[in-house]
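S.K.: Pasting a structure here, questions to come.
In my numbering, the protein residues as written are 3 to 244.
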């Protein structure tokens, strides 16, 4: 029979504390202990999720579930999540702030993007122009043209919904995308979703981006570097700016 030492007792207490905190957050067991600790410390967690089966967000909030459905239905070959948890206290205006960042389309140009290939920073988008913008009640529909080097122009459909304790943002490409004159992503096959919602006395900041494209050697590296890194960069920028 093993005796519970003081050291083991504190280890057990820590694990129980971590488990208790885990179950108060809207995440499942797809998160590692290290990832969970990072979230609990208030840091931004960037996950190379890879598959919808590994999505870590789990909530009963029907609006959030519906927003995630666009990514799940896409069933992308490339997938990443960006997550941060913040206390409700002193963050009363977080919905308003997030909305202000997301609707300021021209400011997307100034987002710094680290190029692994060139080992230097570039603007995430070379240009960002609003084609049309329509608002009905709590919902907004924005059509924009985002220029991403070396891809060229991306005809972009943006949908935003916000209420007192919820913000939903969806970004979808409406044209085929080429890399080196070779089509690599079909229209509506690249999506980004940002969700800010309140649960159990905390603000959950959650971004997820996916690309449905062939997982062949030529495309794989370019999509992961040129597209997925940009999606992660955008979500991370929004969260860090709040």
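Here a beta-carbon is modelled for each residue, glycine too, at the ideal position from N, C-alpha and C.
For residue 108, collect the residues of the same chain with a Cβ closer than 7 Å to its Cβ; drop the 5 residues on either side in sequence, then sort them by chain order.
M.R.: So the list reads 130, once near-sequence residues are dropped.
S.K.: Can you name the start and end residues of the beta strand (DSSP E) that residue 58 belongs to?
M.R.: Element bounds for residue 58: n/a, residue is neither H nor E.
S.K.: Starting from residue 91 and walking both ways along the alpha helix (DSSP H), at which residues does that stretch end?
M.R.: From DSSP, residue 91 is part of no alpha helix (DSSP H); its letter is neither H nor E.
S.K.: Could you tell me the boundaries of the alpha helix (DSSP H) in which residue 198 lies?
M.R.: First-last for residue 198: 192-201, but that is the beta strand (DSSP E), not the alpha helix (DSSP H).
S.K.: For residue 101, which of 38, 84, 132 and 165 has the nearest alpha-carbon?
M.R.: Minimum Cα distance to residue 101 is reached at 165.
S.K.: Do the CB positions of residue 146 and residue 186 come within less than 7 Å of each other?
M.R.: Contact flag unset, no.
S.K.: Cutting at 6 Å between CB atoms, please list the residues of its own chain near residue 202, excluding the five before and the five after it.
M.R.: Taken in chain order, the residues that qualify are 26.
S.K.: Closer than 8 Å by C-beta to residue 241: which residues in its own chain qualify, once you throw out the five before and the five after it? Chain order, please.
M.R.: So the qualifying residues of the chain are 46, 84, 86, 207 and 209.
S.K.: If I follow the unbroken alpha helix (DSSP H) through residue 72, where does it start and stop?
M.R.: Run containing residue 72: 64-76, per the alpha helix (DSSP H) assignment.
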